[in-house]
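Numbering (the numbering used here), first residue to last: 2 to 518.
Here is the structure we will look at.
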Amino acid sequence: MPVEPSATRPDRSAPADRPELPVRPESSGPSAPGADPAVRGPGRGLRGRGRVRGLRGLVPDAGAVAVAGALVAAAVVIGGAIEREHGTLRVHWPPYYAELEPHLGPGTPAALLVAAAVLGYGPALAARLPWRRLLAAAWGASMAWIWSLALVDGWHRGVENQLTSAYEYLQEVDRFGDVGAALRTFTDHILLHSPDNWVPHVAGHPPAAVLTFVGLDRVGLGGGPWASAWVITVGSSAAAAVLVALRALTGEELARRAAPFLVLAPTAVWVGVSADGYFTAVAAWALALLALSARTGERAIRAPRTTALGAGLLFGLTCYLSYGLTLCALLGLTVLALSRTLRPLPWVLAGVAAVAAVFTLAGFNWWEGYQLLTERYYQGAARIRPYSYWVWANLACAVTAAGPAVVAGVRRALVTGTAAGRRAAALLRERHAVGAPRSEGHRNRGRLAVLVLAALLTIVVADLSGMSKAETERIWLPFLTWLLPAAVLLPHRGARYWLAAQAATALAVNHLLLTGW
Numbered sequence: 002m003p004v005e006p007s008a009t010r011p012d013r014s015a016p017a018d019r020p021e022l023p024v025r026p027e028s029s030g031p032s033a034p035g036a037d038p039a040v041r042g043p044g045r046g047l048r049g050r051g052r053v054r055g056l057r058g059l060v061p062d063a064g065a066v067a068v069a070g071a072l073v074a075a076a077v078v079i080g081g082a083i084e085r086e087h088g089t090l091r092v093h094w095p096p097y098y099a100e101l102e103p104h105l106g107p108g109t110p111a112a113l114l115v116a117a118a119v120l121g122y123g124p125a126l127a128a129r130l131p132w133r134r135l136l137a138a139a140w141g142a143s144m145a146w147i148w149s150l151a152l153v154d155g156w157h158r159g160v161e162n163q164l165t166s167a168y169e170y171l172q173e174v175d176r177f178g179d180v181g182a183a184l185r186t187f188t189d190h191i192l193l194h195s196p197d198n199w200v201p202h203v204a205g206h207p208p209a210a211v212l213t214f215v216g217l218d219r220v221g222l223g224g225g226p227w228a229s230a231w232v233i234t235v236g237s238s239a240a241a242a243v244l245v246a247l248r249a250l251t252g253e254e255l256a257r258r259a260a261p262f263l264v265l266a267p268t269a270v271w272v273g274v275s276a277d278g279y280f281t282a283v284a285a286w287a288l289a290l291l292a293l294s295a296r297t298g299e300r301a302i303r304a305p306r307t308t309a310l311g312a313g314l315l316f317g318l319t320c321y322l323s324y325g326l327t328l329c330a331l332l333g334l335t336v337l338a339l340s341r342t343l344r345p346l347p348w349v350l351a352g353v354a355a356v357a358a359v360f361t362l363a364g365f366n367w368w369e370g371y372q373l374l375t376e377r378y379y380q381g382a383a384r385i386r387p388y389s390y391w392v393w394a395n396l397a398c399a400v401t402a403a404g405p406a407v408v409a410g411v412r413r414a415l416v417t418g419t420a421a422g423r424r425a426a427a428l429l430r431e432r433h434a435v436g437a438p439r440s441e442g443h444r445n446r447g448r449l450a451v452l453v454l455a456a457l458l459t460i461v462v463a464d465l466s467g468m469s470k471a472e473t474e475r476i477w478l479p480f481l482t483w484l485l486p487a488a489v490l491l492p493h494r495g496a497r498y499w500l501a502a503q504a505a506t507a508l509a510v511n512h513l514l515l516t517g518w
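Structure, rendered in C-alpha cells:
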C-alpha cells in the first residue's frame with residue numbers, strides 16, 4: 002500500500018525539475034519567540050491538527066451509528082408491543098425472524114478464533130498477498146466465518162436441518178422426477194388454494210431455485226447437509242466476487258482495504274445457511290464479470306465479449322432464482338455508468354435472453370409466475386403484516402445485518418455522493434472539465450460511494466414496494482453485500498476498531514438470537 006512520505010524527508014519520487022524547498026535546520030535550543038508551533042518539532046503540529054480533524058470526523062460517524070441503534074431499539078420495542086397486542090407481525094422477536102434465546106454452541110470457539118485471526122492479520126495480509134491469493138484467502142476466510150457462525154446453533158439446528166423445514170425447497174425435490182412436466186405445470190401450484198400447492202419458498206421463487214437442489218440430489222448430494230454445504234460454499238464466494246468488481250471499478254488499493262470487511266460481515270449470520278446466500282453469490286459474480294468486461298484501454302481483459310456473455314448468463318440465472326433480484330439491474334447499470342461504456346450491454350442482454358429462452362421453451366412463464374406470486378404473497382402472512390411498521394422496521398433489520406461500520410460508511414458515501422452529484426455533468430465530459438484535476442484516489446473513492454449509493458437505492462426501492470415485509474435480513478442479502486465496501490470510506494487509522502465492531506455485531510446476533518435461517 003502506498004505510504005505518504007515523511008514530513009522530515011524530501012519526497013525522492015518528485016519530478017526532477019521541481020526544486021526542493023529549503024529545509025530549516027533544527028535548533029538544539031528553545032524555539033525563538035513567535036515561532037510557528039507547527040514547526041517546533043518534525044510534523045508535531047500537523048499531526049496534532051490531523052488528530053483533531055480525525056476526532057471531529059468521528060462525531061458524525063458515531064451519530065449515524067447511534068441513530069441506527071435507536072432505529073433498531075424502536076423496532077424491537079414497538080414491534081414487540083404490536084405483536085403482543087395484535088399478533089399481526091408474524092415473527093417471534095420483531096423485527097427479526099428469530100427468537101430471543103441466548104446460547105453458546107460448538108461453533109462459538111471457532112467463531113472467536115476466526116474473528117481474532119482476521120482482526121490480527123487480515124488487514125496486513127490483504128495489503129501484501131498477491132491478488133489471486135487474496136481472492137482465495139477472502140473466500141476461504143469468509144467460508145470459515147460462515148461455518149463457525151452456523152455451528153453456534155449446533156450441527157442439527159444450524160446446518161443439517163436448516164433447509165429441510167416445511168417451508169424449504171428440499172420438501173419438493175421428489176416432485177421433480179419429470180423436470181419438464183414440473184416446469185410446464187409450475188405456475189399451476191403457486192396459489193395457496195391450488196391443488197398440491199408448493200411450499201412457501203418454492204412458490205415464492207422461480208424454478209431455478211428448487212432446480213438447484215434437484216440437481217444436487219441427482220448427482221448424489223441430496224439431503225440437508227449437502228444442501229447447506231452448497232449454500233455456504235457458494236455463498237462465501239461473494240466476498241471474492243465483490244473484490245473483483247471493486248478492483249475493476251475503484252482500483253486495487255480500495256479493494257484490498259475492503260477485504261477484511263467482506264469477510265467479517267454480520268451478513269454471514271444469514272448466508273449460513275439460507276438459499277439467499279447462494280443467490281447473493283450468483284448476483285455478485287454477475288456484477289463482477291460485468292465490471293471486468295467493461296474495462297477498456299490498457300486495463301481491458303482478453304475476452305471482454307465472452308466475459309460479458311457470462312455476466313448475462315448469470316444475470317439471467319439470478320432472475321430465475323428470485324423475482325426480486327431483477328432489481329440487480331440497477332447495480333448493473335451503475336457498473337456500466339462508472340465504467341463509462343455500453344459495449345458489454347448487447348452481450349449481457351444476449352446471455353439474459355438465452356436463460357429466459359431455455360425456461361420459456363421448457364414451459365415456465367416468468368411474468369405469469371410473478372403475477373401469481375404477488376397474489377400468493379397477499380394470501381399469506383403479508384396480508385396482515387402492517388406496511389406502516391415494516392416499511393421502516395425492515396431498515397432496522399438491514400442495519401443489523403450490515404453492521405455499524407457500514408452504517409457509518411454509508412453516511413460518508415452520502416456526503417461524497419452529494420458532492421459527486423454536483424459534478425456529474427463534469428464527470429461525463431471530464432477531459433474538457435475546467436479546474437484542478439482530482440487525484441486518482443479521490444476519483445476511486447467517488448466511484449465507490451456511487452456504487453454504495455446504488456445498492457442503497459436498490460434497498461429503498463425493494464422496501465417501498467411492499468413485497469418485503471419482514472425477513473429482509475436474508476431477503477436483501479444480494480443488495481446488502483454491496484453496502485459492505487462502504488466501510489472503506491472510514492478513516493484507515495481506525496479500521497481495526499470498526500472491523501471489531503462488525504465481528505461483535507455478528508457474534509452478538511448469533512449468540513443472542515436463534516434465527517430462522
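All C-beta atoms, glycine included, are put in the ideal place defined by N, C-alpha and C.
- Take the alpha-carbon of Leu-337 and the one of Leu-291: they are about 8 Å apart.
- Here Ile-302 has Leu-293, Ser-294, Arg-296 and Thr-308 as same chain residues with Cβ atoms under 8 Å from its own Cβ, once five neighbours each way along the sequence are excluded.
- Closest in C-alpha terms to Leu-126, from the list Gly-311, Ala-505, Ser-389 and Pro-261, comes Pro-261.
- Rounded to whole angstroms, Asn-511 and Val-270 show a C-alpha spacing of 7 Å.
- Relative to Gly-224, the option among Asp-175, Val-272 and Ala-246 whose CA is nearest is Asp-175.
- Going by beta carbons, Pro-95 and Gly-108 fall outside the 7 Å limit.
- Within the segment 389–426, the runs of alpha helix (DSSP H) at least 4 residues long that lie entirely inside it are, in chain order, 405–423.
- DSSP places Glu-100 within a strand segment (E or B) once states are collapsed to three.
- Arg-133 and Leu-244 have their alpha carbons spaced roughly 11 Å apart.
- Thr-251 and Asn-445 have their C-alpha atoms some 5 Å from each other.
- The Cβ-Cβ distance between Leu-332 and Leu-362 does not fall below 7 Å.
- The beta carbons of Ala-284 and Thr-335 sit no closer together than 7 Å.
- Burial is judged here by how many other beta carbons sit within 10 angstroms of a residue's own beta carbon; His-493 has fewer than 16 and is exposed.
- Collapsing the DSSP output to three states places Leu-244 in a helix.
- By the criterion of a C-beta distance shorter than 6 Å, Gly-159 is surrounded in its chain by Ala-151 and Leu-152, once the five residues flanking it on both sides are discounted.
- Gly-311 sits away from Ala-351, with the two beta carbons spaced by 7 Å or more.
- Straight-line measurement puts the Cα of Gly-205 at about 25 Å from the Cα of Ala-455.
- With fewer than 16 other Cβ atoms from the protein chains shown falling within 10 Å of its own Cβ, Ile-385 counts as exposed.
- Linking Gly-121 to Ser-143 through their CA atoms gives a straight-line distance of about 15 Å.
- Apart from the 5 residues on each side of it in sequence, Glu-253 sits with its Cβ closer than 8 Å to the Cβ of Trp-132 in its chain, given in chain order.
- Rounded to the nearest angstrom, the gap between the Cα atoms of Leu-485 and Pro-196 is 43 Å.
- Of the residues assessed, Trp-146 falls on the buried side of the cut-off, its CB having 16 or more other CB atoms within 10 angstroms.
- For a cut-off of 8 Å, the C-beta gap from Ala-409 to Ala-65 is around 5 Å, short enough to register as a contact.
- One Cα belongs to Leu-373, the other to Leu-135, and the distance between them is close to 44 Å.
- Excluding the 5 residues flanking it on each side, Leu-514 has same chain C-beta neighbours closer than 8 Å at Trp-94, Tyr-97, Ala-99, Glu-100, Leu-101 and Glu-102, in chain order.
- Distances from the CA of Ala-487 to each of Ala-406, Val-416 and Pro-479 were compared; the closest alpha carbon is that of Ala-406.
- The C-beta of Pro-267 has 16 or more other C-beta atoms within 10 Å across all chains shown, which makes the residue buried.
- By the C-beta density criterion, Ala-63 is exposed, having fewer than 16 other C-beta atoms within 10 angstroms.
- Going by beta carbons, Ala-504 and Leu-326 fall outside the 7 Å limit.
- A residue is called buried once 16 or more other Cβ atoms fall within 10 Å of its Cβ, and Asp-464 is buried on that count.
- Close CB contacts of Ser-340 within its chain, under the 6 Å cut and outside five residues either way in sequence, are with Ala-295 (chain order).
- By the CB criterion at 7 Å, His-194 and Tyr-170 fall outside the cutoff.
- Taking C-beta atoms as the reference points, Leu-164 and Ser-229 count as a pair closer than 7 Å.
- The Cβ-Cβ distance between Trp-483 and Ala-399 does not fall below 7 Å.
- The C-alpha of Pro-208 is placed about 12 Å away from the C-alpha of Gly-216.
- In this structure, Thr-473 is the residue among Phe-480, Thr-473, Leu-481 and Gly-123 with its C-alpha nearest to the C-alpha of Val-392.
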